[in-house]
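Going by full-length UniProt numbering, the letters in the sequence shown line up with residues 1 to 672, in that order. The beta carbon of each residue, even a glycine, is placed where N, CA and C say it ideally should be. Being a predicted model, the structure only gives us computed values, none of them experimental. Okay, structure first, notes after.
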Amino acid sequence: MRYIFPRQFGLHNVFTSKVDPRETAMPFMDYTLREKDIHSRMCRELGSEATNAEKIVKWKQRTPKRLRGDAVRLVEKLRVRNQRCSYMEMLRHYAPIEGMPLSTKPEWRKSVFQPVVKTTNCEKKSQYTSETRTVQQTCFTDLACPAAHVSAFCRAVISKVIPEGFWGNEHNKSNLMYWVDQFIELRRFESVNLHQVTQNIQITKIAWLRPPGHNDDTKISNSDLSKRTEMFLEFVYWLFDSFLIPLVRTNFHVTESNAHRNRLFYFRHDVWRLLAEPALLELRTNMFEEMPTESTERLLSARQLGFSNIRLLPKRQGFRTIMNLKRRQQVMRYGTTMLGRSINAVMTPAFNAITYEKSLRPEQFGCSLFSVGDMFPRLASFKASLRQRGLGNTRLYFAKVDVQACFDTIPQSRLLRMIDSLMSIQAYKTGKHVEISPLPSLQRLDGKHVDPMPLKKYIPHTDAATDITPFNQLVQDRLAGKKANTIFVNTDLQRHETKDDLMQLLQEHIERNVVKIGKRFYRQKTGIPQGSVLSSILCNFFYAQLERDVLGFALDDDSLLLRLLDDFLLISINEEYARRFVRVMHNDHPEYGVVIKPSKSLANFDVMTEEGTRISTSGSDGKFPYCGVCIDTTTLEISKKTERPTKTGVEDSLTVDLTKMPGQTFHRKALK
1 MRYIFPRQFG LHNVFTSKVD PRETAMPFMD YTLREKDIHS RMCRELGSEA
51 TNAEKIVKWK QRTPKRLRGD AVRLVEKLRV RNQRCSYMEM LRHYAPIEGM
101 PLSTKPEWRK SVFQPVVKTT NCEKKSQYTS ETRTVQQTCF TDLACPAAHV
151 SAFCRAVISK VIPEGFWGNE HNKSNLMYWV DQFIELRRFE SVNLHQVTQN
201 IQITKIAWLR PPGHNDDTKI SNSDLSKRTE MFLEFVYWLF DSFLIPLVRT
251 NFHVTESNAH RNRLFYFRHD VWRLLAEPAL LELRTNMFEE MPTESTERLL
301 SARQLGFSNI RLLPKRQGFR TIMNLKRRQQ VMRYGTTMLG RSINAVMTPA
351 FNAITYEKSL RPEQFGCSLF SVGDMFPRLA SFKASLRQRG LGNTRLYFAK
401 VDVQACFDTI PQSRLLRMID SLMSIQAYKT GKHVEISPLP SLQRLDGKHV
451 DPMPLKKYIP HTDAATDITP FNQLVQDRLA GKKANTIFVN TDLQRHETKD
501 DLMQLLQEHI ERNVVKIGKR FYRQKTGIPQ GSVLSSILCN FFYAQLERDV
551 LGFALDDDSL LLRLLDDFLL ISINEEYARR FVRVMHNDHP EYGVVIKPSK
601 SLANFDVMTE EGTRISTSGS DGKFPYCGVC IDTTTLEISK KTERPTKTGV
651 EDSLTVDLTK MPGQTFHRKA LK
């Protein structure tokens with residue numbers, strides 16, 4: 001009873017209680033386990049008698065007056081039906097996976113299977129035939145259960161476990177089942193709220209909400225209706241938060257994919273284990289080395305950086321490995337468990353210092369693009385220089401290559417030596433200021449304008465520790481000319497960091513990055529943590545040295561070299577340079593950890609590697625794809641890439657806000 005109706009028992013609840021930011025980073029508390037909260041409440045009420053067994057039994061038997069009678073009987077019936085429900089059989093019935101070997105024996109890895117669901121997510125050159133395919137040849141997202149099957153399973157379980165008396169009538173049940181289905185169909189970043197779910201609910205038809213002695217014909221006061229609504233809202237919140245979500249989590253692994261943007265996929269746990277175990281085994285063998293648990297726990301307790309967790313993001317075939325370094329971990333301070341800082345938060349001063357060095361010496365980052373938006377000025381400048389030299393109509397040769405697993409192959413010791421040479425200042429002063437800017441007005445249907453709340457951002461800034469420039473001068477010199485209609489407010493969040501401290505922190509982060517896989521700890525022995533706030537800027541800085549050492553021939557006025565992280569693109573009027581670029585990059589460079597996949601390389605002319613592998617050529621339409629855009633091979637104009645390698649629906653890329661301010665959110669996204 002206390003789990004379903006915590007507000008009636010005076011426990012912490014989502015309606016009247018505040019969330020302690022030291023305990024969770026989420027907007028609401030996790031109420032899966034309430035025993036600690038219940039015990040604390042009992043100790044407060046019983047006081048010195050909290051150790052009296054008889055008093056404890058009586059306290060646990062207390063039930064608020066409005067919950068006596070039908071509510072108690074329905075909850076007891078719910079417990080019995082939950083114990084008798086065969087969840088596994090219902091899962092097999094509503095979310096079947098036929099033809100797949102799900103045995104726990106080692107032989108399953110050698111088995112072959114053919115998925116039941118026809119491929120709809122991956123590009124297919126032919127329809128499935130009677131031939132079987134191995135795990136490695138199967139599009140992983142096709143092995144996920146359709147959301148409709150998951151929804152049917154959840155609604156069937158709810159109908160089986162929750163007694164009919166909780167709904168009141170069939171109308172209320174149908175309404176809530178509709179929202180259960182909508183909840184399962186949600187995309188990433190979408191949500192529903194209680195107001196939506198409980199619309200059109202006939203509160204007066206629910207018998208267990210009535211006070212003792214009242215019948216269906218009794219006139220209801222406003223206070224009684226409010227109380228009934230309050231109790232039913234508690235039940236609905238429990239149904240979604242503490243029954244539906246654990247039900248999905250227990251039976252399915254829910255994840256997005258690398259190609260389908262915001263669409264969620266539901267993998268049965270046995271299927272996910274079948275797919276993920278080979279990938280995790282490869283990671284443990286090639287990328288990580290196991291650490292003793294006891295010594296690792298001592299190491300973690302003595303340093304600022306905690307450990308990260310591995311996420312596997314399914315692709316067409318295989319997985320992309322993601323480390324979650326934004327998650328705040330619980331730490332023990334002064335005998336109390338609270339949330340500590342995330343790894344990315346701890347590494348922010350180092351990121352700010354390297355960003356400051358980039359502003360001082362941008363040439364150290366070579367041809368790096370820090371966003372797709374940086375591409376157009378480079379192309380325009382190159383085109384203008386060719387026209388000035390009278391070469392505006394000269395044929396342009398395009399070639400691009402992609403480094404395989406760039407973050408996982410960067411040599412750690414060499415990177416640290418390069419960072420040490422980059423940081424030219426012995427001490428840095430880091431801080432934050434607030435930028436407040438207005439959002440555009442919104443016009444309602446009646447013609448009235450609504451001014452939304454202004455946008456407030458905390459922006460970091462870094463200087464040398466010896467720089468005593470006041471903040472107002474900093475605004476005038478660096479910020480005011482770039483941003484209009486903005487208020488700049490300084491804060492007291494100022495820190496001084498020495499180069500030695502930052503280098504020690506970077507060494508700890510790169511060479512002793514601890515991850516937890518299952519119950520064991522591992523150290524990343526190659527590469528840098530993917531998901532770190534530093535990963536992109538360090539990757540750009542590291543490969544800039546590769547450009548200077550290996551691709552110096554492509555840095556003259558006849559060529560334009562672009563690189564977005566590990567995607568290299570050369571545009572040149574010299575065909576020999578373009579051919580040499582392809583050959584040199586495909587020779588691999590172990591001192592930089594660079595290995596190129598010929599299958600991902602592309603050119604707009606016929607070229608082969610030194611091993612005799614022919615590089616794919618772009619289409620005859622004169623468009624060269626690069627990082628989500630298409631570059632015209634004649635005019636260097638940029639257009640959006642419309643073709644996708646996967647058949648992704650438009651709805652997969654959307655996020656629809658149906659809760660607080662849907663109109664304002666749509667207006668902001670449409671004009672962003």
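- The beta carbon of threonine 229 lies closer than 7 Å to those of Ile203 in the same chain, with the five residues before and after it left out.
- Straight through space, the alpha carbons of glutamine 329 and leucine 300 are spaced by roughly 11 Å.
- A check of alpha carbon separations from leucine 369 across Phe521, Glu76, Asp567, Thr665 identifies Asp567 as the nearest.
- When Val57, Thr63, Arg22, Gly10 are compared, the shortest CA-CA separation from aspartate 37 is found for Gly10.
- Under DSSP, cysteine 145 shares a beta bridge with Tyr266.
- When only Cα atoms are considered, glutamine 494 and arginine 263 end up about 41 Å apart.
- Following the DSSP letters along the chain, one finds alanine 464 inside the beta strand (DSSP E) bounded by residues 455–464.
- As computed with DSSP, glycine 619 is found in no beta bridge at all.
- Cβ neighbours of threonine 24 within its own chain (closer than 8 Å, five residues either side excluded): Asp30, Leu339.
- Looking at the DSSP output, valine 192 sits in no beta bridge, so it has no partner there.
- Per DSSP, the beta-bridge partners of glutamine 330 are Leu339.
- If you ignore the 5 residues before and after cysteine 85, its C-beta comes within less than 8 Å of the C-beta of Val157, Lys160, Val161, all in its own chain and listed in chain order.
- Scanning its chain for C-beta atoms nearer than 8 Å, with the 5 sequence neighbours on each side dropped, one finds around aspartate 402 the residues Asp566, Asp567, Phe568, Ile596, Lys597, Lys600, Ser601, in chain order.
- Taking a contact as a CB-CB distance under 8 Å, the pair cysteine 145 and alanine 95 counts as one, their CB atoms being some 4 Å apart.
- For phenylalanine 5, the CB contacts under 7 Å within the same chain, skipping 5 residues up- and downstream, are Leu67, Met231, Glu234 in chain order.
- DSSP places valine 550 in the helix class (H, G or I) of the three-state scheme.
- Distance from the CA of alanine 53 to the CA of arginine 7, rounded to the nearest whole angstrom, comes to 25 Å.
- Secondary structure remark: continuous beta strand (DSSP E) runs of at least 3 residues inside the stretch 289–332, in chain order: 308–314, 319–324.
- DSSP places leucine 560 in the uninterrupted beta strand (DSSP E) bounded by 559–564.
- Linking histidine 12 to leucine 244 through their CA atoms gives a straight-line distance of about 20 Å.
- Rounded to whole angstroms, the gap between the alpha carbons of alanine 399 and leucine 546 is 17 Å.
- Secondary structure note for isoleucine 425: it is in no beta strand (DSSP E), with a DSSP letter that is neither H nor E.
- In this structure, proline 454 lies near leucine 439, with their beta-carbon atoms less than 8 Å apart.
- Rounded to the nearest angstrom, the gap between the Cα atoms of asparagine 485 and glutamate 611 is 58 Å.
- Here DSSP, grouped into helix, strand and coil, assigns phenylalanine 488 to strand.
- Under DSSP, histidine 433 forms a beta bridge with Ile459, Asn490.
- Note: lysine 640 is bridge-paired with Val629 in the DSSP secondary-structure output.
- The three-state secondary structure of valine 595, taken from DSSP, is coil.
- DSSP places glutamate 511 in no beta strand (DSSP E) but in the uninterrupted alpha helix (DSSP H) bounded by 499–511.
- Of the candidates Val150, Ile354, His39, Val150 places its Cα closest to the Cα of histidine 93.
- Here isoleucine 410 is actually not in contact with glycine 318; their C-beta atoms are around 20 Å apart, not less than 8 Å.
- Pairing valine 192 with glutamine 199 gives a Cβ-Cβ distance that is not under 8 Å.
- Following the DSSP letters along the chain, one finds serine 371 in no alpha helix (DSSP H), marked with neither H nor E.
- Per the Cβ contact rule, the stretch 544–564 is in contact with the stretch 363–377 (3 or more Cβ pairs under 8 Å).
- Taking a cut-off of 8 Å for Cβ pairs, the stretch 604–620 and the stretch 427–434 do not touch, as fewer than three such pairs fall below it.
- Closest in alpha carbon position to phenylalanine 189, among Phe240, Thr255, Val197, Val75, is Thr255.
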